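For the protein sequence lines, the chains are A and B, in the order given.
Letter by letter, the first sequence follows residues 112 to 316 in our numbering.
Letter by letter, the second sequence follows residues 112 to 316 in our numbering.
By construction, the Cβ of each residue, glycine as well, lies at the ideal position given by its N, Cα and C atoms.
The model shown is predicted, which means the values in this text are computed figures rather than measured ones.
Number of protein chains: 2
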Amino acid sequence: MGNWEPTFDAAGGNSRATEILRESAKLFAANGYDGTSMQDIAAAVGIKKASIYHFFADKAEIHRTIVVLSLTRLTELVQDRQRGLERAADRVEAFARAHAQHIAESAPFYFTAALGYNEIIDPAAKAKVQRMRDGYEEALRGIIRDGIQAGEFRELDVKLAARAIISCLNWMARWWRPDGADSAEKIASDYVKLIIRGFLPDPIE
Amino acid sequence: MGNWEPTFDAAGGNSRATEILRESAKLFAANGYDGTSMQDIAAAVGIKKASIYHFFADKAEIHRTIVVLSLTRLTELVQDRQRGLERAADRVEAFARAHAQHIAESAPFYFTAALGYNEIIDPAAKAKVQRMRDGYEEALRGIIRDGIQAGEFRELDVKLAARAIISCLNWMARWWRPDGADSAEKIASDYVKLIIRGFLPDPIE
DNA sequence: GTCTATATGGTGATAGAC
DNA sequence: GTCTATCACCATATAGAC
C-alpha cells in the first residue's frame with residue numbers, strides 16, 4: 112500500500128511485529144487510540160490478543176513505536192526530496208510534496224504520527240517526538256532562510272512562514288482522502304505556490 | 112473565562128446543565144472524548160454521575176451540544192467582525208482575528224468543536240455540523256471573491272485560499288497556549304498578512 | 001510463539017428511594 | 001434534582017499449558 116511499510120522492519124526485523132504495527136496504525140487512525148482495543152488489533156492480524164504481548168509490553172508501546180517510525184520516515188523523505196534543487200521556491204515545494212506523499216502513502220500511519228502523539232504518556236518518548244518534530248520544522252525554516260539570503264524571498268518572519276506551510280500540510284492529513292479529486296501532492300504544491308506568490312495582483316506597469 | 116460561556120445558557124437556561132457543558136468541554140479538550148468518563152465530569156461539577164443523566168440522555172449528547180454551540184458562536188463572531196470593513200484584506204484579517212479570539216476565549220471548547228467533531232456518530236447531528244462548517248468556510252470564500260472582483264486580489268483559487276487560511280487557524284488551536292509570547296489574535300493577523308503579501312520581494316524598479 | 005482461561009477494574013447507563 | 005446501589009459489559013493485562 113505504500114513504501115512506508117518496509118520501514119517497519121527496522122522495528123526488530125520480526126515479521127509478526129511488523130504486522131501488528133501496520134494493522135494497529137490503520138486502526139488507530141480510523142478509530143483513535145482509545146477506540147482501538149487489543150482485541151481489534153489481534154483480530155486484524157489474525158491472532159489472539161494475548162499473543163500481542165509477546166512482542167510489545169503494552170498498548171502504549173505499540174503506539175509509541177508507530178509514531179517514532181512515521182516521523183523518522185517523514186523527516187528522511189522531506190530532506191531527500193528537496194536536496195539538490197537550486198531555487199528556494201522549488202525546495203519548499205519539494206518539501207511539501209514529500210510531506211504530502213507521506214500522507215498519501217500512509218494516511219492512517221501518518222495521521223497517528225502527526226496528530227495523535229498527544230497520546231504518548233511516557234515523558235522520555237514524548238520529549239523525543241517533540242525533538243523530532245522540531246527538527247522537521249527547522250529543516251523547512253532553513254530552506255526559507257536560504258531563500259531570503261539569496262534574495263529570492265523578501266525579509267519575512269521565517270518561523271511564521273514555516274508554520275503556515277506546515278499547518279496546511281498537517282490539516283490536510285485531517286481531511287484529505289485518496290478518492291478525492293486531487294492528489295495530495297498536487298494540493299500541497301498548490302498551497303505552496305499560492306502562499307509564496309500571495310494574493311495581490313501584479314503591480315500595474 | 113470567556114464570553115462563550117453565556118451562549119451555553121441557550122441550552123435550556125438551566126444553570127446546572129450549563130455547568131456540565133462547561134466542565135465537559137474542558138475535559139474533552141484536555142483528555143479527549145474517550146479519555147473523559149462520566150465520573151470525571153461529575154467530579155468536576157461536584158455531583159454524582161447518575162445526576163448527569165437528568166440533564167442529558169447520554170455522553171454523546173453532551174459532546175454534540177458543545178460542538179453545535181461552539182460552532183454557532185464561531186460563525187456569529189467571524190461574520191460580525193468583518194462586516195462594515197471595506198478592503199477585502201482587512202475583512203480577511205478581521206475574520207481570522209475573530210476566529211483566533213474564539214480560540215483564545217474558549218480554547219478547550221473550541222478545540223472540541225473544530226477538531227473533535229469526528230466523534231459525532233449520530234448521522235443527523237453530523238450532517239448539521241458539516242453544514243455549519245461549510246457555511247463558515249463559505250463566508251471566507253465570499254470575502255476573497257469580493258476582493259478579486261474589486262481588483263484587490265489577483266485571480267486565484269478561492270477554495271484553496273480560504274482553506275489555507277483556515278488550516279493555519281485550525282492548526283493554531285492545536286498548539287497555541289495562553290501563556291505563549293504572542294496573543295492568538297496577533298498570530299492570526301500575522302498569518303493573514305504573510306499569506307496575502309506572499310514571500311516574494313518587491314519587483315526591482 | 002500462540003493459545004485458553006482468567007484476574008481486575010473501569011465504563012456507560014439504569015432503577016428506584018428521597 | 002440528587003442520591004445509593006447495581007447491572008452488564010468490555011477493557012488491559014497476566015498466568016501458564018502446549
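{"Asked": "Where W287/B sits in the DSSP three-state scheme", "Found": "coil"}
{"Asked": "Counted within 10 angstroms of its Cβ, other Cβ atoms place Y144/A as buried (16 or more) or exposed", "Found": "buried"}
{"Asked": "Beta-carbon spacing of F310/B, A272/A below 8 Å", "Found": "yes"}
{"Asked": "Residue environment, A136/A, which counts as buried when at least 16 other CB atoms sit within 10 Å", "Found": "buried"}
{"Asked": "Contact check, A295/A vs W287/A, beta carbons under 8 Å", "Found": "yes"}
{"Asked": "Chain A contact residues for G143/B, given Cβ-Cβ distances below 7 Å", "Found": "D145"}
{"Asked": "Anticipated Cβ contact below 8 Å, F264/B with I277/B, distance rounded", "Found": "Between I277/B and F264/B the Cβ distance is about 17 Å, and since that is not below 8 Å, they are no contact."}
{"Asked": "CB of V327/A within 8 Å of CB of E130/A, strictly", "Found": "Outside the displayed range of chain A (112 to 316) lies residue 327/A, so it cannot be described from this structure."}
{"Asked": "Under 8 Å between C-beta atoms of H210/A and A299/A", "Found": "yes"}
{"Asked": "Selection of the segment 288-313 of chain B by Cβ proximity to chain A, strictly under 9 Å", "Found": "I298, D301, Y302, L305, I306, I307, R308, G309, F310, L311, P312, D313"}
{"Asked": "Min CB distance R175/A to chain B below 8 Å", "Found": "no"}
{"Asked": "Identity of the residue in Q190/A, L180/A, I232/A, A236/A nearest L251/A by Cα", "Found": "Q190/A"}
{"Asked": "A272/A at chain B interface by Cβ criterion, 8 Å", "Found": "yes"}
{"Asked": "Rounded straight-line distance, which links the Cα of I315/B to that of K304/A", "Found": "21 Å"}
{"Asked": "Residue from A215/B, S162/B, G195/B with nearest C-alpha to K297/B", "Found": "A215/B"}
{"Asked": "Pairwise C-alpha distance: I158/A and S126/A", "Found": "14 Å"}
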